[in-house]
Amino acid sequence: MELARELYGIDVTANELPSERDQNFLLTTANGEKFVLKIANLGASPQVLACQNEVMSRLAQEGIPCPHPLPTLRGQLMCEVPDEDGEPLFVRLVTFLPGTPLALVKPHTPAILRKIGRLFGSMDRVLASLSCPALARELQWDLQSAPSTIRRYKADIRDAGRRSLIDGYLELFDQVADKLAALRRMLIHNDGNDYNVLVGPPAWEREVVGVLDFGDMVVSYAAAEPAVVAAYAMLGKDDPVGAAAEVIAGYHSVFPLREEEVEVLFPLMCMRLCLSVCLEAHQRGLVPGNEYLSVSAQPAWDLLERLKEVPPRLAEYRLRDACGYAPCPQGEAVAKWLAENRHQVGPVVAPELMANAVLFDFAVGGCDAGAPHLWQDVAAFSKALFDKIAARQGKVGLGRYAEARPFYTSALFAGGEPRTVHLGVDLFVPAGQPVLAPLEGTVVSVQDNAGPLNYGPTVILQHEAKGQRPEFYTLYGHLSRKTLTSIKPGRRLKRGDTIGWVGESSENGGWPPHVHLQVIADMLGYRGDFPGVASPSQRAVWLSICPDPSPLLGRSFDLAATEELSTRELLARRSKHFSPVLSVAYRRPLHLVRGYRQFLYDRDGIPYLDAVNNVPHVGHSHPKVVEAACRQMALLNTNTRYLYEELVAYAERLTATLPEPLRICFFVNSGSEANELALRLAEAFTGGRETIVVDGAYHGNTTSLIDISPYKFNGPGGQGAPSYVHVVPTPDPYRGLYRQGQAHVGKNYARHVQQAADELRARGVRPIFICESLMGCAGQIVLPDGFLAEAYRAVREAGGICIADEVQVGFGRVGTHFWGFQTQGVVPDIVTLGKPIGNGFPLGAVITTPEVAAAFHSGMEYFSTFGGNPVACAVGLAVLEVIGEEHLQENALRVGSKLKAGLTELMARHELIGDVRGMGLFLGVELVLDRERLTPATEQAAYVVERMKELGVLLGRDGPAANVLKIKPPLVFSEADAERLVATLDRVLDEDFVAGR
Ligand code: PMP
1404 MELARELYGI DVTANELPSE RDQNFLLTTA NGEKFVLKIA NLGASPQVLA CQNEVMSRLA
1464 QEGIPCPHPL PTLRGQLMCE VPDEDGEPLF VRLVTFLPGT PLALVKPHTP AILRKIGRLF
1524 GSMDRVLASL SCPALARELQ WDLQSAPSTI RRYKADIRDA GRRSLIDGYL ELFDQVADKL
1584 AALRRMLIHN DGNDYNVLVG PPAWEREVVG VLDFGDMVVS YAAAEPAVVA AYAMLGKDDP
1644 VGAAAEVIAG YHSVFPLREE EVEVLFPLMC MRLCLSVCLE AHQRGLVPGN EYLSVSAQPA
1704 WDLLERLKEV PPRLAEYRLR DACGYAPCPQ GEAVAKWLAE NRHQVGPVVA PELMANAVLF
1764 DFAVGGCDAG APHLWQDVAA FSKALFDKIA ARQGKVGLGR YAEARPFYTS ALFAGGEPRT
1824 VHLGVDLFVP AGQPVLAPLE GTVVSVQDNA GPLNYGPTVI LQHEAKGQRP EFYTLYGHLS
1884 RKTLTSIKPG RRLKRGDTIG WVGESSENGG WPPHVHLQVI ADMLGYRGDF PGVASPSQRA
1944 VWLSICPDPS PLLGRSFDLA ATEELSTREL LARRSKHFSP VLSVAYRRPL HLVRGYRQFL
2004 YDRDGIPYLD AVNNVPHVGH SHPKVVEAAC RQMALLNTNT RYLYEELVAY AERLTATLPE
2064 PLRICFFVNS GSEANELALR LAEAFTGGRE TIVVDGAYHG NTTSLIDISP YKFNGPGGQG
2124 APSYVHVVPT PDPYRGLYRQ GQAHVGKNYA RHVQQAADEL RARGVRPIFI CESLMGCAGQ
2184 IVLPDGFLAE AYRAVREAGG ICIADEVQVG FGRVGTHFWG FQTQGVVPDI VTLGKPIGNG
2244 FPLGAVITTP EVAAAFHSGM EYFSTFGGNP VACAVGLAVL EVIGEEHLQE NALRVGSKLK
2304 AGLTELMARH ELIGDVRGMG LFLGVELVLD RERLTPATEQ AAYVVERMKE LGVLLGRDGP
2364 AANVLKIKPP LVFSEADAER LVATLDRVLD EDFVAGR
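Residue 1690 in my numbering is what sits at position 287 of the sequence shown, and the numbering runs on without skipping anything.
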């Protein structure tokens, strides 16, 4: 590039960069320094270019990461060079900013969008102080002239549907046209598109490192700046307005937006998108194949289609909320009027019903919601509610406002954030009760919501502004179909007039009869389909649009659900009483209030697919197990010094699942206690305590179990192996001493057990051998074939005893067999059970042979106060029954195979997956940076677990390098759950931090 040498004295190689107007070249010197040479197109104004230079220099001085111009050898920031025809071209050299365009980055987290907003805010604080008359110019990208530009070029869009989409947005913009004249104007960058924002290298949270392209700077609406940035931030998002709100919140925190500016933000964002697609269509007509212009066209069209579904004022309110303004200003006025005018309103149901009203607690963690299986049984659920009302001599049950409820998270709401926050109140009264107008008003909507949810007719009254009273609406939902014929829109109602009648369950989405009463400050363009619940992330916005209807109940009812404590508060309180050794999962911990089947629910009612907790084996809060515990707890809970049938019945049932001669039971309260007792039995049998353990194993938290758990004694804070503990290599066929594909892998690993046993035998010692049937903490390891058979043979030849730790994997989890050791074709001398055995109820068991039990019978009594108590036995029995009745072992096999196949398929697309292993619903996915050297991808595994949780799927990780994803869900996990897990993992593994982009 001669130009560079001549003008700037640098020797470079040049590569052309894409650009809409100018010619830009990336220059690289021999020692790797980079610059950008900009050659302005013919007709560019030298005054404008000089202004751009000035601004860039000033911004760079102020610490804004942007390119700035460099002088020529003669000290000029810009120089003229004639083109082939002798016309002047203007040449500039600017610094090069390293970074990746936002558009190419995954994911766009709320944090990064906020940072981008802040960067533009910081930049605009500087720009606001600059005056550049040359930049007060006409520019087709200026939003001030956008409507006319769009009208001019719209015809170039071939598709009539798309043209009318644009018309809709022009109309929206016209609605704010009279606000524009009063807006603040200033110099803005005007092109914060997702290719002009650079972010730093992949990290858990990327940094924003630069803003490019000052070629569209113009004096325009101040609000246009964040509107442009937000418009591009919305591209491709599930919740585009949520993404825009993050940008706006960031921007506003540095460079505050005025309320009148926030009002026009959304229409401006839409104008920018329309401008982009119209100019693209026009340009495509002029210069076919101009790649630069078509970059954002399809995503922009998709976004415009999507935004059509968003009520514009809802978007405005969300953006106001992001700026800390009251989301819906009228809402405040309505709430105030209602609070001050309780005395003016009449009853909604017959006043005599309101005495002894019973307040229900339907919060996600509230008891009146009952267990989810009840919701399917409407008759039972209705009866429970109405019984409670009757028991309190009441006639009406009340459901609270602003309460996050678990009901609305069903399959119909799957995909995206569930809507759980109740925006009205409920009055549970028998079907057929008249519903009365609490205030005079006009019927504006009578709509039968007969769709898939079939929640029945809704009537909406408009209460016109009158004196001090602001205009608002009241909504009455779940009325009877008879209402449809008796009331029509347009009808004036006086206070006390009948609106309709409470519907039956059958007209009410299957819910117990009730009327849902909601106050609405802004209809947002909805009719009778106005939402009755909102997503938790939009809680403040919707509660502001729909104030508390309690005052309409006439007396001093207060049905607003009190704000529960925040997760942060709970964490702070916890840390006052608990040591940090009690760790908390996730960077943003989960505050859980409910579990059901394979789902855990947080206090907002967000469901998390539980793919890691094997304790709730038959599903969280299984009704049969809960019922067994409650029933027995109410009857008798005592200890094994008395006779009760539950103990015996459970022992009979449990041992029937085990091979002979495993017939003698000891019931305890945890896996640790089971292993602790197993060691005592083994010591009694062998007369010694020399123990052979497998590297990486974990057997429990007591002193003697830490001593035989390499996972602990060789892990952080560990003290190493005691002298009587002999560690053999982890039989890990993936990264261990002997690997899959080689011959005799199992036997080779067992040889180490043989060696240890032989050495002990030589010393006249009988060894104790303890091994998990599939290894958990060691990294979800499936023992290679023949390992246990050979190891047991060697140990027994040395006069030793073999303990199978089934705490993690028993009870059908492996699918092909009920017990893990059966997959190895062995029968242990002692089996220890825990975790899934009581589905979460503290219970553990040791089962051994009569021979071993006899050796333990030394004269000393064995007694555990709680071990084998009737409640524990009733629970254990119920768990076994459910496993059988619901064919959960078969489910583990079927779903587990499908899941494993799905995960294995991911290996082809994601280099990071080194191994997929496991049996049934006990699976592991090992992440490695390099499939040859097997370098553990520890940080990536941590990121995956964290991101999966954000996307609603709970996994764990383990293994010595914490790089193995643990999958061990409740056995009610379904094929659809497996598909979701695989699809979500696929998405997360494609994100930059994991994919290493
Ligand atoms: N054995 C194994 C294999 C385990 O994984 C665990 C718990 N993770 C235990 C024993 C100890 O069980 P608990 O925590 O119930 O005492």
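Every residue gets a Cβ at the ideal spot worked out from N, C-alpha and C, and that includes glycine.
Model, not experiment: these values are computed from the prediction.
Its chain contains V2298 and K2301 as the residues whose beta carbon lies nearer than 6 Å to that of E2378, once the 5 sequence neighbours on both sides are disregarded; these appear in chain order. In this chain, the beta strand (DSSP E) harbouring P1485 covers C1482 to P1485.
The C-beta of V1944 has 16 or more other C-beta atoms within 10 Å across all chains shown, which makes the residue buried. Taking the CA atoms as reference points, R2360 sits about 9 Å from T2341. Bridge pairing for K1869: R1872 [DSSP].
Secondary structure of L1660 (DSSP, three-state): coil.
In this model, P2372 and G2323 are separated by some 10 Å (Cα to Cα). Residue environment analysis places C2033 among the exposed positions, since fewer than 16 neighbouring C-beta atoms fall within 10 angstroms of its C-beta. With distances taken between CA atoms, A1736 lies nearest to F1875 out of A1782, L1762, A1514 and F1875. Rounded to whole angstroms, the Cβ separation of G2355 and L1968 is 23 Å, and the two are not in contact under 8 Å. Secondary structure at C1949: coil, using DSSP grouped into helix, strand and coil. Remark: the shortest separation between the CB of D2013 and any heavy atom of the ligand PMP does not fall under 8 Å. Contact between the segment 1640-1649 and the segment 1603-1611 is absent, with fewer than three C-beta pairs closer than 8 Å. Residue state for Y1879 is assigned as strand, using DSSP reduced to three classes. For M2322, no alpha helix (DSSP H) encloses it; the enclosing beta strand (DSSP E) starts and ends at I2316 to M2322. Around the beta-carbon of K1518, 16 or more other beta-carbon atoms lie within 10 Å, marking it buried.
One alpha carbon belongs to W1904, the other to L1762, and they sit about 22 Å apart.
L1583 and P1916 have their alpha carbons spaced roughly 50 Å apart.
If only complete runs of 4 or more residues are kept, the segment 2124-2203 shows the alpha helix (DSSP H) at 2148-2165 and 2190-2200, in order along the chain.
With the rule of 3 Cβ pairs closer than 8 Å, the segment 1442-1451 counts as touching the segment 1412-1431. In the DSSP assignment, R1588 falls within the beta strand (DSSP E) that extends over R1588 to I1591. Looking at the DSSP output, D1829 shares a beta bridge with G1802 and H1919.
Proximity of the segment 2213-2232 to the segment 2096-2106 falls short of the contact definition, fewer than three beta-carbon pairs being nearer than 8 Å. Between the ligand PMP and Y2053, a heavy atom-to-CB distance of less than 8 Å is absent. Q1426 has I1442 as its beta-bridge partners, per DSSP. A distance criterion of 8 Å places the beta-carbon of C2180 in contact range of the ligand PMP, judged by its closest non-hydrogen atom. Distance from the C-beta of V2210 to the nearest heavy atom of the ligand PMP is below 8 Å. DSSP places I1553 inside the alpha helix (DSSP H), whose first and last residues are A1549 to Y1556. Restricting attention to F2002, A1549, R1971 and R2000, the CA atom closest to the CA of V1987 is found in R1971. DSSP, read as helix, strand or coil, puts E2093 in coil. Residue side-chain check: A2100 places its Cβ nearer than 8 Å to a non-hydrogen atom of the ligand PMP. With respect to the C-alpha of R1930, the residue from R1894, P1952, V1918 and N1852 having the closest C-alpha is N1852. Scanning its chain for C-beta atoms nearer than 7 Å, with the 5 sequence neighbours on each side dropped, one finds around H2155 the residues V2131 and P2132, in chain order. For W1740, the enclosing alpha helix (DSSP H) starts and ends at P1732 to E1743. By the neighbour-count criterion, in which 16 or more other beta carbons inside 10 Å mark a residue as buried, E1719 falls on the buried side.
A distance below 9 Å separates the beta carbons of R1521 and Y1654.
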